[in-house]
Each structure stands twice: as C-alpha cells, then as structure tokens.
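Using the numbering used here, the first residue of the first sequence is number 257, and each one after it goes up by one.
Even for Gly, the Cβ is constructed at its ideal location relative to N, Cα and C.
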Amino acid sequence: MDDMEKVGNSSCNDGFLLRMGLNDNKAGMQGLDKEKINKIIMETTKGSRFYENELKKDQQVNQRIEKMMQLKEKITKQQLLKAQLQVDKLVIELEQSRNLSSTIVHIDMDAFYAAVEMRDCPELKEKPVAVGSMSMLSTSNYHARRFGVRAAMPGFIAKKLCPHLTIVPLNFEKYGKVSKEVREILTEYDPNFMPMGLDEAYLNITEHLEERLRWPEDKRRFFFKTENKDDTNMSAKFNEGGYSASPVLFEDNTPLMDDHSEQRDRSVENSVIFGTSAEEVVKEIRFRIEQKTQLTASAGIAPNIMLAKMCSDRNKPNGQCRIPPERRAVLDFLKDLPIRKVPGIGKVTEKMLKALGIVTCSELYQQRALLSLLFSEASWRNFLDISLGLGSTHLEKDGERKSMSTERTFSEINTAEDQYNLCQELCRDLAQELQKEGLKGKTVTLKLKNVNFEVKTRASTVLSSVSTEEEIFAVAKDLLGTEIDSIAPHPLRIRLMGVRVSGFLSEEEKKYRQKSITSFLKSGKEIGFLRLQPGKSNQDYFTKNSETSPRGSFFDKKRAARQLSRENLSPNETVGKQLFHDRKSSANFVEETKKVTELQNSNMCKIFTCPVCFEEQSSNNLEELNRHIDECLSGTLFKDTMEISKNDHSRENTLNFLPQFKNENVDECQKNKPDQLAGTYQSASISDNSTSISTEKFNQVISDKPHRERQPSNLSDIARNVCMKQCLFPKRISQDNEDHFEKTEHAEETSSSCFFEAKEDSVLVCPVCNSEQKTTSLVSFNRHVDVCLNKGLIKELTEKKDFPSRTCNMENSNTVGEYAH
DNA sequence: CGGATCGAC
DNA sequence: CTATGTCGATCCG
C-alpha cells in the first residue's frame, strides 16, 4: 500500500505517538502541525488500557535492547575482527552472485480504498476521507493525512484530529472488483505476476521487455477513454498535462513521454504510443490502470523485488521510479535510505538497530561485523542482503497454505458460557473455510486477548487431522477450558478470541497418505502392522510414561479439577459445563485404551497391506517389512532419476516407517486427548515419514497439478479471496510523503567497513587475495582488504576510526517521556 | 511442539 | 463508548 509509509523518524525515538503516524507536516494550508496532532492523540489515548499495554510492550523492547547492548559490551576487538573477515568473505560471495538481469516491477495503488470511495462518490472529493470504522481505519486520503489521520488509527481518534473527517465503511467487494480490473491489465505483462493483497503486485517484466522489442508500434498504442466527444484532440491535451481525468499522473517527474522520445511525435489523436523501455512499460501500465479504473498507481522498477518495492515508495503518489540494473545505482539508492523503508524492517528492528547507531542502509553495511555477532544468522544475513541491495530476482510461487484462522474482536465477554459459545462459532466458521479448500490440520491454536490487550495463544496438536466444527471445537474447548481454569475463580475477561488450524498435510503427503491410509483402514489386520516388532512389544511404547501418570488419569484429573472449580462458580457455569464438557471422554478413553492393549497383546496379525503397492505382505520381522516398503517406494516413486534427499524430514535416505513411529508418535498418543486417540494411531503411524524426498522433486514427478493458484480463476474466487482473506489493512505506521522529498545530504562519506584501532604489529592474511599483509594498524589492513575485496564495492574509502558517531543514548529512548510530551 | 513476537497488507 | 484480521517467519525454551 502506498499510504502506509513506515515511520522512520530519525529525530526522535519511536514510541506510541510516532506509531500513530505523526510526522512533520509542512502542508500549512489546512491540517494540523505535528505538535497539535501529538497532543490530541495523547489526550484521547492517555490512561486507556490500550495505552498501558503499549507502554508495557515498549518496555519489553527496551529490555531487549538493553540485553543486546550488554552483549555488545562484551565483544572484544579480536572477535569483531574475526567476524569482519568472515562476513566480508561472505560479502564477496554475495557480490559475485549479484544478479541484475531481471526487471521487477512493483505496482502500488495510491490510497486504494479511499481512492475507490472517492471515485464512486464525488461528494467526497476535496474532503478528508478515511475508510474503516470508528474503531479502526484502513486507510485515509491525502487530505485527511494532513490532519494526522492515518491507516491503523481508530476512527474516534481520527475524528478528534479532524472533526470534518468522513469515515466510509469498508466495502471489500468493491475493492475486489477494482483489483480484478487492475490485475487483468497486469497479467498481460506478466502472467505469473504476484498480487500482494488488493492494491499491490509484483511483476517480472523481463520477458515482456524482450518480446516488446519485436512488437509493431500499434501494439504499444493506447487510446484515451473519451466521454467527451468535443475533446477531439486528447493527446495534445494529454501531452500538455491537461488531461482532465488524469490530473496528477503526468504532472509528476515521470512524464509519459520523454522529451527525447521519438514516439512523442507519432502519437495521434486520442491515442498514445509507449516506448519499449522498462519505464515506458510501467508508464503504459499506469496509464491503462488509470484509464480503466480512474485510479492512480505508483510503481518501482528495479533488478529485484526488495528494491522494486522500496522504489515504488519513492515517488508516490502517482509516480514511478527506477533503479537501473547497475551495482553502482543500487548502492547509491541505498546509501541514505533509512532502514525502516526496507520491507521486513519494522518498528522493533528499527529501534534496536538505532540503538546501535544504525539508521541508514549504509550504516547497516558498516556495522555488518557487529551485527553478525549480535543477531541470529538469519537476521544478520538478511541485514547484509539489504545493505548490499540483494533480493529475490524472480517471483516465487506461493507455497501451500500453512494455516487458516479466524478471530473476532468484541466488547468484553466474561462468562464461560458465552466464551464457549463464541469459540464454537469460530470453529464453525473456520471449519467451513477449511472445507472449502479441503484442508485438514493437526494443530489447533486458541488465541485470546484480554481486556488489557494482553494476547495469549494456546495450541494443541492432535494425531489425526481435524477439519469439522466438532473436531476443531473438541480441541479448542479444552484449550479454552484450561485457560478459564487457570485464572479461576476470576473470570476470563476477553475482548478477542481466535481459532487457528495449522499443520496441514502437504500436497505430497496428502497423495501418498490417502493411498496408504485407505489401505491401512481397509480392515483390522493393518493394526497388526504395529505389532510386528520383534523383541519388544509395543506396550513398552504405549506405556512409556505410565509410571508417573497411569494412562487416563492425567486427563481424568484435569477434567475433574476443572469441573470442580466450575461447580464453585455461578449457576450459569454448570450449564456451560454440561454443554461443553464431554463427560464420556474419560470413559471413552478407558475403552480405547483397552482396545489398544488388546491389540498389542494379541498376536494374530502378521499380514499387512503395503501402503505403496497395496499387496498383502506377510512378515515376521521389522527389517524385512521396512525393506519391502523402501523398495516399493523407491520403485514407484523415484525411478531412476529421482534422488532421495538427504536432509529432508527423515534422518535417513530410506523411508523407514516403524522406527519413527516408535520414537515419536507414541509420545503423541500419550499427550493426546482420549477422545481423539481412538482410531488415530493407525494413520499416525505413517505420518511424518511419508516422504523423505525433497518436496521440490516430488512435485516435479508426482504432482499432476501445480501449486495453489495465485490468481483466482474466476470472479467468485476473487470475491471470496478478496473479501474474506486478503483484506488489506494498512501498515500501522506511516510517514508523510513529504519526507521523501526532503533529501538531506550527508556530509560525511560512508566507508565500506568499520575500522579498529590496533596497537599490535601483526601479519595478517588477506581473506581475499590470500597474501600476507604486514600491518601496523588494522586501519591499513582493513583498507587493503576493502580494496582487494571488490574493486570498488564502495566507491571511496574514507577512514573511520570508530563506530559511527551516532550512538545510542538509552536515556533518550524512554517511552513514557514521549507519550507525556 | 508451543508460545511469543515481528512484520506485511 | 471506541485500538483490526490473517498469514508467514523466526526465535527461544
């Protein structure tokens, strides 16, 4: 979204006020200045439960920072130097892998929801408008932003900031329709384009650019939509920037036609011809979007996704920007760019890095060694990628969905009965959605937010995948019950509840398991599969933990305790109890336990059906059995070409069934709820190890259908996705666009690395050229390495003897003070 | 695996 | 009165 520029405020520590989107506002005409906005927000927010929770969260972040700073103090120069060398080695590799050959475009509709509403209701034009509700705004138009009205701000606060504000309720169906219109255009330039929500998309136009060179001019000609027949010479008007339907588009710094463009002369009445460059393509796209929807978009063009995204932010609204495919240009772009502008760097990371004196991307690069010692591998590698301007150069297909959830906010609910009812309702909704996609998951997570805005999640993983309301609720209600009990006799006072299901079978698992499960369930004899273990009886596994908690007693106790505590509550509670607690469960559990034991003890089955070839196999020993299955699998699945991945899920190259069952699944049995135990262990025995080939290869060979479609295939799909799922909510934090134009020149040149003082004379081996370097100071050694490193990774080397001067002053990073101000 | 957190839209 | 909903990733225990 364009309208949610992150707040990357370098002048003060970020805190609640900033998160509300305050920034300098120099549009003097109408609107409020920063201080007034802060004051109003403060007055309306101070003392609220929400505010108190924000304070608490800020404190936690401060503690993290403190820990990090302590860690930093302990780092020695030697450690840092070593890290520097290691990281720089990596820098070289990364630099070599730099790929500038793709052209990625990021399209971002300007103030999307607000723009749509304004388009459809002319009365709203010229007025401050926000889309959302009194409790939460999704976006606002630029007029409203001058009053400090921002995305992610509650409407009631926005109203105080801007009493004339018109708040329009969300209408996702409408946005979905418009979004679809835009996508229809985009798909012509990249059929595999990747939509991000309703109002953004990435395109890889590399191929389009090639083809386009061969196109006849007419394929690049587009006509103005003219409602007004008197306007006989639209293109003339257009080139003068006077096209009425496009008040802004061509007044920016990216005019449709370059003055040098030879196409300019060739434009004929009511039409315009676009060139063949990437810029021209993107102008064409934006032109077509505006012609079709009357809405403007901003765009970024760059060699990778990350850069394209940051680029589209540059000239919004209604502008575009390109980073040429040259390393130099990339680094220039990043040089003074605040890290907060980088996708993936949020409020917290920004604050932590700021504590280290890092605000811009070049500072991020300078501190790479330190960062590698203070952050996790994933984090600092990511930082390094960012500071080098590296990113994905192709649009990856969406993988399979990993979870599905639903949650609801409401006014306080504090009776158990209401809570259980609500929970069931959520489960019902979720089950419906799950079934639409034919998904079943093994983990159910309950999310609760109490009236103090504290969030808790509680999860439980069961053996057999769940998908129906009843199945999900069976798990969720226990989680909820446990929470209710945990604070009894106080009632749970919640303002939000959510239910999530995750742990889906992956596509390949599904296919494989479907076969095997059906074969397993065909008759009772498959149970014998479990008993074919020589030596030890399965009983050992099933009763592994029984010394401390005899089977069943754990759950019985838990239930009894809960019921006991509930008897002490109001009469209402007893209703809830009967409604929601399955008294039969304990009895069931005993029953099922018996069955299992019987099976374990009986010895009647030594025949099983191979889950792969479906042939009955008789076997007396485990190895033989496994061997058969392994052979069978290798034979059917990975004929000749297939190679079994060595590091996937299983520890071995072969597909062993039983060992994993022994080691892992039995524990799960113990953990599981009694009423879920029955009938689940059979299928569980083949879960988790159904494949050990890499998913990629498996897909290539096995899958007859590609990944989940990214683009909805029809209107109802779109409507559903769009309305139910992809509701876009703007970033919490925004920065005034004016900021983009406020380019402060840094007086100091950035240097490619950090330097250290070293007194010792030493001989160091340059990690780049491998030659020994006599150095009297690390400065000179660093310089050598830098020079050696990359022939100008950074254009000039200026010496910097210490960490950057901008250091963290913890006393400044208070939070309360900011609020109080 | 479970829980908290972060970040994006 | 009144501070979202959904998803993925990551870190830590």
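| query | result |
| --- | --- |
| On the DSSP bridge list, what partners appear for His362? | Tyr458 and Gly556 |
| Going by DSSP in three states, Val707 sits in which element: helix, strand or coil? | coil |
| Around the C-beta of Phe631, are 16 or more other C-beta atoms found within 10 angstroms, so that it is buried, or is it exposed? | buried |
| Could you tell me which residues DSSP puts in a beta bridge with Leu702? | Arg714 and Val755 |
| Is DSSP giving Leu393 helix, strand or coil here? | strand |
| Below 8 Å on the Cβ atoms is my contact criterion, and I expect Ile360 with Ala558 to pass it. Report the Cβ-Cβ distance as a whole number of Å. | 6 Å |
| At the level of alpha carbons, what is the spacing between Asn526 and Phe480? | 5 Å |
| Counting along the chain, where does the beta strand (DSSP E) carrying Gln576 start and finish? | Gln576 to Arg578 |
| Checking the sheet assignment: what are the DSSP bridge partners for Ser304? | Beta-bridge pairing links Ser304 to no other residue. |
| Across the region 365-378 and the region 663-682, are there enough close Cβ pairs to call them in contact, namely three or more that are closer than 8 Å? | no |
| Taking the continuous alpha helix (DSSP H) assigned at Ala400, which residues delimit it? | Tyr398 to Arg401 |
| So which of Ala414, Glu473, Arg468 and Pro581 has the shortest CA-CA distance to Gly287? | Ala414 |
| Whole angstroms are fine: how far does the CA of Thr301 sit from the CA of Met392? | 14 Å |
| Note down the Cα distance separating Ala715 from Glu291, rounded to an integer number of angstroms. | 44 Å |
| Any idea what DSSP makes of Met450, helix, strand or coil? | strand |
| What did DSSP end up calling Arg354 once you bin it into helix, strand or coil? | coil |
| Quick check on Ala687: buried or exposed, where buried means 16 or more other Cβ atoms within 10 Å of its Cβ? | buried |
| How is Leu590 classed by DSSP in three states: helix, strand or coil? | helix |
| Output the boundary residues of the beta strand (DSSP E) element that contains Phe479. | Arg477 to Phe479 |
| Taking the alpha-carbon positions, what's the Asp641 to Lys698 distance? | 35 Å |
| Beta-carbon within less than 6 Å of Val604's beta-carbon, same chain only, minus the 5 sequence neighbours each way: which residues are those? | Val317 |
| In the region 645-697, which residue ranges form an unbroken alpha helix (DSSP H) of at least 4 residues, counting only runs that do not cross its ends? | 672-692 |
| Quick check on Gly531: does DSSP put it in helix, strand or coil? | coil |
| Once you ignore the five residues that flank Ser267 on each side, which residues in its own chain have a CB closer than 7 Å to its CB? | Bear in mind that a pLDDT of 37 at Ser267, under 50, signals an unreliable position, so the model cannot answer this. |
| Do you know offhand how far Ser659's Cα is from Glu310's? | 28 Å |
| Quick one: residues in its chain with C-beta nearer than 6 Å to the C-beta of Thr462, no 5 flanking neighbours on either side, listed in chain order? | Ser358 and Thr359 |
| What is the DSSP secondary structure of Thr1105, counted as helix, strand or coil? | Beyond the ends of the chain as shown, which are 257 and 1077, falls residue 1105; an answer cannot be given. |
| Can you tell me whether Ile348 is helix, strand or coil according to DSSP? | helix |
| Which class does Ile441 belong to by DSSP, given the choice of helix, strand or coil? | helix |
| Exposed or buried, what is Ile423 when buried is set at 16 or more other beta-carbons lying within 10 Å of its beta-carbon? | buried |
| Using a Cβ-Cβ cutoff of less than 7 Å, which residues in the same chain neighbour Lys433 once the five nearest sequence positions on both sides are dropped? | none |
| What does DSSP give as the partner residues of Ala732 in its beta bridges? | Answer is none; Ala732 lacks a bridge partner. |
| Ile441 and Lys548 - do their beta-carbons sit closer together than 8 Å? | yes |
| Quick check on DSSP: helix, strand or coil for Gly1081? | It is not possible to answer for residue 1081, since the shown part of the chain is limited to 257 through 1077. |
| What would DSSP say about Ala738, mapped onto helix, strand or coil? | One detail in the question is off: residue 738 reads as Thr in this sequence, not Ala. Looking at Thr738 - three-state DSSP - the assignment turns out to be helix. |
| Taking the alpha-carbon positions, what's the Arg401 to Asn560 distance? | 31 Å |
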